[in-house]
Amino acid sequence: MIGRNIHLTQNEGKEHEGELNIPQSIVPVPQPKKRKLVLHLDLNNTILVSDAATGQGPRAALNSYLSTVTWGKLSDSGEWCWLSDSLSLTVPCKDAISYYLQFGRNADFADTKMGKKFKEVFDHHLEKLEWKGEPNETFSQKGEDGKLYHWILPSFFHLLENLHQQGRDFCILLRTFGVDLPRLLPLIHSALMGQHPHFPQLRELPIHIDLTPGKIRCSAREAVLTQGPHRLSTKKNEGTLYEYFSNLSGIGGFQDHFDWFS
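Below, the structure is given as structure tokens:
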């Protein structure tokens with residue numbers, strides 16, 4: 001779903017890792033007015049490293065993701081050869097193909113004979129996903145190994161802070177084929193109420209969140225969006241959904257049409 005992740009009026013971003021050093025307040029820094037930013041974010045492997053639809057926990061989800069960003073090719077004798085030691089979202093060199101495209105997604109990737117090359121990378125990132133401090137039933141999840149992990153990645157909350165500090169007019173639309181939105185949206189709302197133990201300062205962010213997930217369904221004739229009382233179609237105007245998204249504010253979520261895209 002990475003290809004569906006971006007609808008920007010201006011694309012700016014920064015990724016953060018690790019735990020937050022909690023500031024006393026989040027104050028916007030005066031800056032020249034910028035165009036509105038509309039971010040479409042896929043849930044899986046962007047905000048969540050788990051998948052309710054497939055039942056994958058953080059270890060399996062991280063393994064599956066690594067299989068999509070590691071690259072090699074089959075030799076003339078049919079043996080798999082790695083062409084890059086680094087993770088990459090894009091093809092790193094000519095003739096390279098991702099492990100996932102060649103062999104399919106693998107929930108045990110880093111523990112396999114071929115994937116062990118990236119075991120250290122896997123362990124490093126899994127450690128960063130671990131929940132620190134007292135257990136929290138709302139914002140943490142138990143992994144396959146019994147340890148607690150973040151359910152919503154801290155980088156998502158850093159993103160909200162940074163956009164607010166920039167004084168940006170923005171909207172974040174969470175997109176998924178899965179079934180996580182009815183649980184996720186109320187949890188983000190709770191975090192914005194200051195209930196996340198690692199991010200209590202989020203209560204200062206004046207961000208509206210729409211708790212009603214929308215749906216997008218496609219056919220050869222049209223794409224139809226429904227959200228609460230709203231129903232929009234591209235049948236007469238292909239720009240209808242773009243205009244709808246552009247006029248939204250805060251945070252919302254939409255379930256996409258898995259059967260159509262698959």
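The sequence shown: position 142 = 142 (full-length UniProt numbering), numbered continuously. By construction, the Cβ of each residue, glycine as well, lies at the ideal position given by its N, Cα and C atoms. Predicted model only: the values in this text are computed from it and were never measured.
- For the 8 Å CB-CB criterion, residue 251 and residue 207 form a contact.
- Here residue 44 is bridged, per DSSP, to 48.
- Counting along the chain, residue 191 sits inside the alpha helix (DSSP H) bounded by residues 181-192.
- When the beta-carbon positions are compared, residue 213 and residue 185 come within less than 8 Å of each other.
- Separation of residue 105 and residue 62 (C-alpha to C-alpha, rounded to the nearest whole angstrom) is 11 Å.
- With the rule of 3 Cβ pairs closer than 8 Å, the region 35-42 counts as touching the region 163-176.
- Sixteen is the threshold: when 16 or more other Cβ atoms of the shown chains lie within 10 Å of the Cβ of residue 59, as they do, the residue is buried.
- The alpha carbon of residue 218 has as its nearest neighbour, out of 33, 241 and 202, the alpha carbon of 241.
- Inter-segment contact for the region 123-136 and the region 183-203 is present: three or more beta-carbon pairs are separated by less than 8 Å.
- Per the coordinates, the alpha-carbon of residue 95 lies some 7 Å from the alpha-carbon of residue 73.
- Nearest neighbour of residue 156 by Cα position, chosen from 139, 81, 65 and 143, turns out to be 139.
- Unbroken beta strand (DSSP E) stretches of 3 residues or longer found wholly inside the region 109-187: 140-142, 148-150 and 170-176, given in chain order.
- Secondary structure note for residue 60: it is in no beta strand (DSSP E), and the uninterrupted alpha helix (DSSP H) holding it is 58-66.
- Per the C-alpha coordinates, the member of 228, 235, 209 and 210 positioned closest to residue 220 is 235.
- Straight across, the Cα-Cα distance linking residue 112 with residue 144 is about 17 Å.
- Between residue 69 and residue 89, the CB-CB gap stays under 8 Å.
- In the assembly as shown, residue 230 is an exposed residue. Its beta-carbon has fewer than 16 other beta-carbons within 10 Å.
- In the structure shown, the three-state DSSP call for residue 195 is coil.
- In the structure shown, residue 86 falls within a coil segment according to DSSP collapsed to helix, strand and coil.
- One Cα belongs to residue 225, the other to residue 233, and the distance between them is close to 6 Å.
- For residue 227, the uninterrupted beta strand (DSSP E) segment begins and ends at 223-227.
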